[in-house]
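For reference, the structure is listed below as structure tokens.
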Amino acid sequence: MEAFTLVNLLVVSDVRIYREGLQEVLVSNDQVEVVAAASSMMQALGYLEELNVEVGLLDVGTADALVLTKEIAIKYPQVKVVAFGLTNCMRDVLMYAEAGISGYVSKEACVAELVSAIVRTHQGKLSCSDEIAGALIQRVSMLARMQATPTKLDELTPREFQIAELLSQGLSNHEIASALQIRLATTKTHVHHILEKLRVRRRGQVSNYLHHRLSEGTNL
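Going by the working numbering, the sequence shown opens with residue 1, and the numbers climb by one from there.
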């Protein structure tokens with residue numbers, strides 16, 4: 001009979017009924033131990049500093065959830081993060097994947113699927129839907145193809161490239177600033193530099209450039 005590893009779990013949600021509900025359904029499970037439940041980013045970081053947390057179950061609807069994901073990846077790289085409640089919007093999925101999440105649980109998941117995702121993530125295994133796995137593979141493939149042939153994209157800094165991708169997804173300056181937790185003025189400066197480096201005049205042309213670069217893999 002397979003032996004299960006007890007996973008020390010931190011639940012993070014600013015919705016009380018979610019926190020208490022998750023604790024209640026997981027308390028009797030013999031694979032997961034909820035060591036704490038946090039209602040905010042600051043409280044979560046405090047628990048991570050004090051307790052032996054192995055996996056964080058993060059409700060993405062929580063304020064500053066994306067920022068917290070990045071903080072955990074930087075300060076507590078040994079802690080794996082499972083995102084709970086993400087929609088199948090690929091923009092959001094890729095944004096959280098790049099921020100450092102290790103697993104994904106949809107809003108429609110049952111308790112058994114939730115526990116499986118936590119355990120698989122703790123074991124270093126991929127835990128997400130086929131659609132999300134496909135999007136992640138496509139993302140890696142895109143980056144590999146872009147690196148294979150020098151293009152104007154090579155002139156962009158990592159931050160400018162990140163913003164260029166968000167531009168191509170139709171985000172406004174305000175939405176980009178909010179998503180990346182940077183000032184609006186900083187976002188506008190980055191956008192200006194992106195247009196200059198790609199030698200285009202309009203934001204929509206950035207999207208066209210990236211899409212052509214992905215599909216053709218040539219120096220545009």
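Heads up, the beta-carbon is just placed ideally off N, CA and C, and yes, glycines get one too.
Query, Result
"Opening and closing residue of the alpha helix (DSSP H) in which residue 177 lies", "173-180"
"Proximity winner among 57, 54 and 169, relative to residue 204 (alpha-carbon distances)", "169"
"Cβ neighbours of residue 127 in the same chain (closer than 6 Å, five flanking residues each side left out)", "103, 117, 120 and 121"
"Residue(s) in a DSSP beta bridge with residue 117", "Paired residue(s): none; residue 117 is not in a bridge."
"Presumed contact (8 Å Cβ cut-off) between residue 47 and residue 86, rounded CB distance", "That pair is no contact at about 22 Å."
"Residues of its chain near residue 64, where Cβ-Cβ distance is below 6 Å and the 5 sequence neighbours each way are ignored", "41"
"Cβ contact check for the segment 11-18 and the segment 49-68: 3 or more pairs under 8 Å", "yes"
"Straight-line Cα distance separating residue 196 from residue 23", "51 Å"
"Residue 70: first and last residue of the uninterrupted alpha helix (DSSP H) it sits in", "65-75"
"Residues near residue 19 by beta carbon distance below 7 Å, same chain, minus five either side", "11, 13, 37 and 39"
"Simplified DSSP state of residue 38, which is helix, strand or coil", "strand"
"Where residue 219 sits in the DSSP three-state scheme", "Below a pLDDT of 50, predicted positions are generally treated as unreliable, and residue 219, at 40, falls in that range; no measurement from the model is reported."
"Rounded straight-line distance, which links the Cα of residue 88 to that of residue 171", "17 Å"
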